[in-house]
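Student:
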Ligand SMILES: *Cc1c(COP(=O)(O)O)cnc(C)c1O
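Numbering (our numbering), first residue to last: 824 to 1176.
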C-alpha cells in the first residue's frame, strides 16, 4: 500500500471491503435473474415527461423534487413535507446513516439481509449488531435487547434475500420495543400484501423508504424516497447533496408514479410468474421460501448451490448465489418474464436431474 494511502485514508475505510453489487454483465446475452430488476419496460408515460424535461437541462434541478413529492403525496396519502427524495433508495440509506450514526455508534439489523447496511456503518466507523432471523424468518425476543450504542435500526420488509415479511403488527411491536431511529426498507413492498406507512404516523422514530428500481422498472434511473415526520425530514435534508436528484429522473419518476394502471398490471404479471417459479423449483426438489417480493429464496438439501449457480451461468442464466457467514447459503432467483422463467426452469431441470 502506498504511504499516502496508509497515512491519510481513514483506518475504517482502509480496512473495509466495500459493497460488491450483483454482476451487471455489459456484454453477452444473459437471462438476468440476479439483481431483482423488473423484466418489463417502464411506463410509457415517462417518455414525454423526460422529453419535456430535456428543455430545462441548462438549469439546476429542483433541490426538493417538489413535483415528485406532490405526486407521491396523492398516491400514498401522506403530506408532501413528510417525503424526501434520493438518488435511488441507497442514497436514502446513506443519508439516514450519516444523519444518525457516528463513530463508535452501532446499527442494528436482522441477518441475513441487505448487505449494504454493513458497508454504510463501516464508512461511518460504526459497528453493526447483526441478530439472526429465526428459521421461520420471524424475529426472536432477543432482537429487541437494548444497547446504548444503537443509533439506527434497519429492517428490510419484505426482506432480501428471503422475500418474507413481518406483518405491520409485528413491526409495530418491534417499534415499541426499539426506541431508536427505525427504518422500514420497503424496496419490494409493491409485491407484498401489506406495508408499514401508517406506522410513520404512529411513531416519531419510524421511517419508511421506497424505491422505483424494482416495482416501477426504473433501476437505471436511480430514484427512491423516504417517508418520515417533517421535523426528521428537515434534518435529513441538511445531510443530502443539495441536488441529489436530477431533472430527468424527477420528471420520469413523477410520471411513473402517477401511472397506477401500469403498476397494477405489472404487479399482477409478476405475482403470477412468481407462483410458477415457486412451484417449478419445489418440483425440482428445492426448499422454496414463500415470497412476497419479486424474487424467490431457495435451498437444496442434496445439491451444491454454488455449482448450480455456475452451471446456470455457463448457460447464460444469471442468478444470485449467497453464502452468509455462520448462517448458510441459498440461491436467490428474480422473477423474470414468463419466457425467461420457463427457460430458467428448463435449464435448472437439466442441471439437477
Ligand atoms: C434494491 C434494494 C435497495 C436499493 O435500491 P435502489 O436501486 O438504490 O433504490 C434498497 N434496499 C433493498 C433491500 C434492496 O433490495
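For every residue, glycine included, the Cβ atom is placed at its ideal position computed from N, Cα and C.
(1) Rounded to the nearest angstrom, how far is the Cβ of residue 1046 from that of residue 1010, given a contact under 8 Å?
(2) Give the secondary structure of residue 1155 by DSSP, where H, G and I count as helix, E and B as strand, and everything else as coil.
(3) Count the C-beta pairs between the region 897–904 and the region 947–960 that are closer than 8 Å, then say yes if the count reaches three, no if not.
(4) Give me the Cα-Cα distance between residue 1177 and residue 852, rounded to the nearest whole angstrom.
(5) Is residue 839 closer than 9 Å to residue 942 when the C-beta atoms are compared?
(6) Decide yes or no for the touch test of the region 1032–1052 against the region 831–838: beta carbon pairs closer than 8 Å, at least 3 of them.
(7) Can you check which of these residues, 1150, 944, 1101, is closest to residue 841 by C-alpha distance?
(8) Tell me whether residue 936 counts as near ligand 1, meaning its Cβ is closer than 8 Å to at least one heavy atom of that ligand.
(9) Is residue 839 helix, strand or coil when you go by DSSP?
(10) State the beta-bridge partners of residue 855 as determined by DSSP.
(11) Identify every run of the alpha helix (DSSP H) within the region 1004–1045, keeping only runs that are complete inside it and at least 4 residues long; order them along the chain.
(12) Please enumerate, following chain order, all residues with a beta carbon closer than 5 Å to at least one heavy atom belonging to ligand 1.
(13) Run through the DSSP bridge pairs and tell me what residue 1122 is partnered with.
(14) Using 8 Å as the threshold, is the region 883–891 in touch with the region 854–868, meaning 3 or more CB pairs across them?
(15) What did DSSP end up calling residue 1164 once you bin it into helix, strand or coil?
(16) Which residue spans inside the region 846–913 form an unbroken alpha helix (DSSP H) run of at least 4?
(17) Would you mind working out which of 912, 1086, 844 sits nearest residue 1063, comparing C-alpha positions?
(18) Please report the distance separating the alpha-carbon of residue 923 from that of residue 999.
(19) Could you give the C-beta distance for residue 1008 and residue 937, rounded to a whole number, given that I count them as a contact under 8 Å?
(20) Using DSSP bridges, identify the partner residues of residue 1047.
(21) Spatial neighbours of residue 1016 within its chain, please: CB distance less than 8 Å, with the 5 preceding and 5 following residues excluded, ordered by chain position.
(22) Measure the CB-CB distance between residue 1120 and residue 1151 and report whether it falls below 9 Å.
Tutor: Let me spell this out:
(1) Contact doesn't hold; Cβ gap of about 12 Å is too wide.
(2) Looking at residue 1155 - three-state DSSP - the assignment turns out to be strand.
(3) Between the region 897–904 and the region 947–960 there are fewer than three inter-stretch CB-CB distances shorter than 8 Å, so the stretches are not counted as touching.
(4) Residue 1177 lies beyond the residue range present for the chain, which begins at 824 and ends at 1176; the question has no answer from this structure.
(5) Yes; because the gap between Cβ atoms is below 9 Å, this pair is in contact.
(6) Contact between the region 1032–1052 and the region 831–838 is absent, with fewer than three C-beta pairs closer than 8 Å.
(7) Per the Cα distances, 944.
(8) Yes.
(9) Note: residue 839 maps to coil in three-state DSSP.
(10) Residue 855 is bridged to 1141.
(11) As far as the region 1004–1045 is concerned, its whole alpha helix (DSSP H) runs of at least 4 residues are 1020–1025.
(12) Going down the chain, each residue whose beta-carbon is closer than 5 Å to a heavy atom of ligand 1 shows up: 911, 912, 913, 937, 979, 983, 1008, 1010, 1034, 1036, 1047.
(13) For residue 1122, which the question treats as bridged, DSSP gives the partners 1110.
(14) In short, these stretches do not touch, since the Cβ pair count stays below three.
(15) Three-state DSSP puts residue 1164 in a helix.
(16) Within the region 846–913, the complete alpha helix (DSSP H) runs of at least 4 residues are 869–877, 889–899.
(17) Of the listed residues, the one whose Cα sits closest to residue 1063 is 912.
(18) Linking residue 923 to residue 999 through their CA atoms gives a straight-line distance of about 19 Å.
(19) Confirmed, Cβ separation roughly 7 Å.
(20) According to DSSP, residue 1047 bridges with 909, 1034.
(21) Same-chain partners within the cutoff: 988, 1115.
(22) No. Outside cutoff.
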